[in-house]
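Number of protein chains: 2
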Amino acid sequence: MAGEVTTMAGKAVRPERGSATRELILNTAERLFAERGMHAVSNRQVSEAAGQSNNAVVSYHFGTKADLVRAIARRHADQMEQVRVTLVAEAAGSTDLRDWVACLVRPSTEHLAALGSPTWYARFRAQVVSDPALRRITVEESLKSASLRLLLVGLNQCLPDLSADIRAVRWVMARHLITQMCVERERALAEGTPTLEPSWDALAASLIDAIVGLWQAPVTPVPPKENAADKTKRW
Amino acid sequence: MAGEVTTMAGKAVRPERGSATRELILNTAERLFAERGMHAVSNRQVSEAAGQSNNAVVSYHFGTKADLVRAIARRHADQMEQVRVTLVAEAAGSTDLRDWVACLVRPSTEHLAALGSPTWYARFRAQVVSDPALRRITVEESLKSASLRLLLVGLNQCLPDLSADIRAVRWVMARHLITQMCVERERALAEGTPTLEPSWDALAASLIDAIVGLWQAPVTPVPPKENAADKTKRW
DNA sequence: GATCAATTAATTCATCCGATTTATCTGAGT
DNA sequence: ACTCAGATAAATCGGATGAATTAATTGATC
Chain A
352 MAGEVTTMAG KAVRPERGSA TRELILNTAE RLFAERGMHA VSNRQVSEAA GQSNNAVVSY
412 HFGTKADLVR AIARRHADQM EQVRVTLVAE AAGSTDLRDW VACLVRPSTE HLAALGSPTW
472 YARFRAQVVS DPALRRITVE ESLKSASLRL LLVGLNQCLP DLSADIRAVR WVMARHLITQ
532 MCVERERALA EGTPTLEPSW DALAASLIDA IVGLWQAPVT PVPPKENAAD KTKRW
Chain B
352 MAGEVTTMAG KAVRPERGSA TRELILNTAE RLFAERGMHA VSNRQVSEAA GQSNNAVVSY
412 HFGTKADLVR AIARRHADQM EQVRVTLVAE AAGSTDLRDW VACLVRPSTE HLAALGSPTW
472 YARFRAQVVS DPALRRITVE ESLKSASLRL LLVGLNQCLP DLSADIRAVR WVMARHLITQ
532 MCVERERALA EGTPTLEPSW DALAASLIDA IVGLWQAPVT PVPPKENAAD KTKRW
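Chains as they are written, first to last, in our numbering: chain A, 352 to 586; chain B, 352 to 586.
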């Protein structure tokens with residue numbers, strides 16, 4: 352069972368080994384998913400776009416579409432993890448919030464910059480994290496990352512006065528900000544429309560400024576248990 | 352031609368008039384789109400989920416799926432616009448950034464609160480704004496809103512020192528933040544998992560704090576044109 | 001160069017889709 | 001009661017899809 356992937360019919364799928372077609376399918380699927388949306392692209396379309404006359408190639412190499420998505424996601428996650436490890440090592444011991452936010456932002460932007468234009472990963476990833484079914488894949492993967500846990504610790508040490516609740520909220524906000532702004536830039540590059548920022552590095556700088564401001568923002572005390580009935584009167 | 356909607360085959364579609372089925376389809380489609388994703392739901396499935404034995408009901412009442420999406424979006428946009436008009440009128444003349452950010456945040460949160468649990472609009476909307484094809488629908492609609500233009504002016508007056516570029520970036524950031532955090536809460540409510548915030552109002556407060564901090568964050572000067580070759584050495 | 005497993009090609013099949021067409025039902029106006 | 005347009009039901013069509021099956025090809029190993 353362990354390490355074995357099976358189709359819905361229970362048929363065993365070939366274990367991963369070197370295959371040019373495999374890589375070709377990964378790249379093609381990533382592009383199509385980003386451009387047209389994951390649910391809008393069939394395995395057949397992936398096969399055909401990859402120049403394969405066999406419409407069952409995806410099933411043969413990966414199994415289900417979810418397995419294909421997982422394979423694409425893992426490739427990028429591995430590369431980004433390397434960047435994060437380096438950055439976290441550099442930031443170790445720092446009490447400057449900026450350094451730790453950079454550890455959060457730069458793996459994404461530098462990875463996209465390293466891929467060269469055009470890229471599709473940002474749009475692909477945004478879809479994965481917004482899909483209810485695929486959502487948990489990313490969460491599980493990210494929790495395995497030791498560097499991400501270190502990052503969390505370092506970041507929290509820069510913000511000792513923040514409650515756990517607010518920290519949780521602003522962590523989620525930061526993640527969404529990074530994801531969506533990378534999508535924004537990637538899409539502009541793909542469509543040839545003007546980009547908000549001149550480079551991935553500039554976007555990283557903007558994001559770091561914004562997220563540091565976001566994390567350091569004062570927390571307004573909640574009004575003392577406003578009555579629901581009073582609120583509806585506003586309408 | 353004006354005001355006439357046609358199918359791809361050119362067949363005229365009934366103009367909007369009172370029909371319980373019409374409303375039923377709108378509600379059903381909104382729910383299915385939010386839960387399963389717009390592209391993953393066929394018109395047939397909408398018809399069946401709405402208890403209609405006619406699989407062409409959607410086509411009859413709305414035309415294409417894009418027209419259906421437009422109809423759903425407009426219903427909510429109209430209600431949110433009303434909230435925004437009120438808030439902008441209240442904020443008129445204020446030089447407190449907080450007031451204007453509230454005008455940006457609260458139409459979404461108060462609309463979702465008013466809908467009562469469970470809601471689907473936040474997830475529906477997030478898909479619309481992230482779909483390349485449907486994206487422009489929202490943009491065109493929002494530009495028609497006079498209150499939104501007033502909001503933009505009032506907000507900019509609170510931030511006279513910010514360059515147009517930074518303003519544009521942070522405006523986009525704020526929009527994404529609001530959209531995604533509403534999705535986050537709506538999804539948690541729908542799945543029965545713990546919510547980050549105890550109420551829509553509390554989420555609004557969190558968002559306003561965060562966005563004010565984001566907008567007021569200092570802008571770090573860009574390093575003087577770093578060489579691309581130097582950057583790659585980092586790898 | 002024979003063997004054989006891994007890979008790719010080519011078909012087939014039941015199912016679902018969007019769209020169209022035809023028929024039936026409903027209710028307001030006369 | 002009759003008419004008739006709006007609304008719903010029901011059936012049909014070509015086309016696409018995922019899955020499964022079978023056949024052909026490739027390439028490493030002996």
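Note that CB positions come from ideal geometry on N, CA and C, so glycine has one too. In this text the structure is predicted, and so the values were computed from the model without any measurement.
- Buried is the label assigned to L506(B), since at least 16 other Cβ atoms lie within 10 Å of its Cβ.
- By the neighbour-count definition (other C-beta atoms within 10 Å, threshold 16), G402(B) is an exposed residue.
- Within the stretch 504-534 of chain B, contact with chain A at the beta-carbon level (separation under 7 Å) is assigned to A519, V520, R521, V523, M524, H527, L528, Q531 and M532.
- Sorting V534(A), C533(A) and L503(A) by C-alpha distance to the C-alpha of A519(A) places L503(A) at the top.
- By the 16-neighbour rule on beta-carbons within 10 angstroms, G543(B) is exposed.
- The stretch 388-441 of chain A is shown to contain whole alpha helix (DSSP H) runs of 4 or more residues at 394-400 and 408-413, in chain order.
- A straight-line Cα-Cα distance of about 10 Å links L463(A) and D552(A).
- Contact annotation: H427(A) and R373(A) have beta-carbon atoms that are not nearer than 7 Å.
- Nearest CB-CB separation between G543(A) and chain B: not below the 7 Å threshold.
- Along the stretch 448-474 of chain A, the positions whose C-beta sits under 7 Å from a C-beta of chain B are A465, read in chain order.
- The beta carbon of M389(A) is closer than 6 Å to those of Q478 in its chain, skipping five residues each way along the sequence.
- Assignment of W471(A) by DSSP, reduced to helix, strand and coil, places it in the coil class.
- Of all residues in the stretch 556-567 of chain B, only A556, S557, L558, I559, D560, A561, I562, V563, G564, L565, W566 and Q567 place a beta-carbon less than 9 Å from a beta-carbon of chain A.
- When the alpha-carbon of A525(A) is set against those of M431(A), L455(A), I423(A) and A391(A), the nearest one is in L455(A).
- DSSP, reduced to helix, strand and coil, places V504(A) within a helical segment of the structure shown.
- The beta carbons of T546(A) and R536(A) sit closer together than 7 Å.
- With contacts defined by Cβ atoms closer than 7 Å, A400(A) and F475(A) do not form a contacting pair.
- Ranked by Cα distance from A453(B), the options S557(B), Q567(B) and P572(B) are led by S557(B).
- Setting aside the 5 residues that flank it on each side, L375(B) is surrounded in the same chain by A401, each with a C-beta closer than 7 Å to its C-beta; the list follows chain order.
- Residue environment analysis places E381(B) among the buried positions, since at least 16 neighbouring C-beta atoms fall within 10 angstroms of its C-beta.
- Here L383(A) has V392, Q396, V397 and A400 as same chain residues with Cβ atoms under 7 Å from its own Cβ, once five neighbours each way along the sequence are excluded.
- Of the candidates A473(A), L485(A), L565(A) and P569(A), the residue whose Cα lies closest to the Cα of M532(A) is A473(A).
- Counting only Cβ-Cβ distances below 7 Å, H390(B) has contacts in chain A at G388, H390 and A391, in chain order.
- Here A515(A) is exposed, its C-beta having fewer than 16 other C-beta atoms within 10 Å.
- Looking only at W471(A), L377(A) and S445(A), the smallest Cα-Cα distance to L510(A) is reached by S445(A).
- The C-beta of L485(B) comes no closer than 7 Å to any C-beta of chain A.
- Think of a sphere of 7 Å around the beta carbon of L547(A): the chain B residues whose beta carbon falls inside it are A519, V520 and V523, in chain order.
- Taking the Cα of W471(A) as reference, the smallest distance to any Cα among W566(A), R387(A), Q567(A) and S370(A) is reached at R387(A).
- Put simply, the stretch 561-572 of chain A does not touch the stretch 484-496 of chain A. Fewer than three CB pairs are less than 8 Å apart.
- Counting only unbroken stretches of 3 or more residues, no beta strand (DSSP E) element lies wholly within the stretch 516-547 of chain A.
- V434(B) sits away from P469(B), with the two beta carbons spaced by 7 Å or more.
- Exclusion of the five residues before and after A465(A) leaves Q430 as the residues of its chain whose Cβ lies within less than 8 Å of its Cβ.
- Under a 10 Å Cβ-count criterion, A555(B) is classified as buried, with 16 or more other Cβ atoms of the shown protein chains found around its own Cβ.
- Here R486(A) is exposed. Its C-beta has fewer than 16 other C-beta atoms within 10 Å.
- At least 7 Å separates the CB of T446(A) from every CB of chain B.
- Annotation: the continuous alpha helix (DSSP H) that includes D552(B) extends over W551 to Q567.
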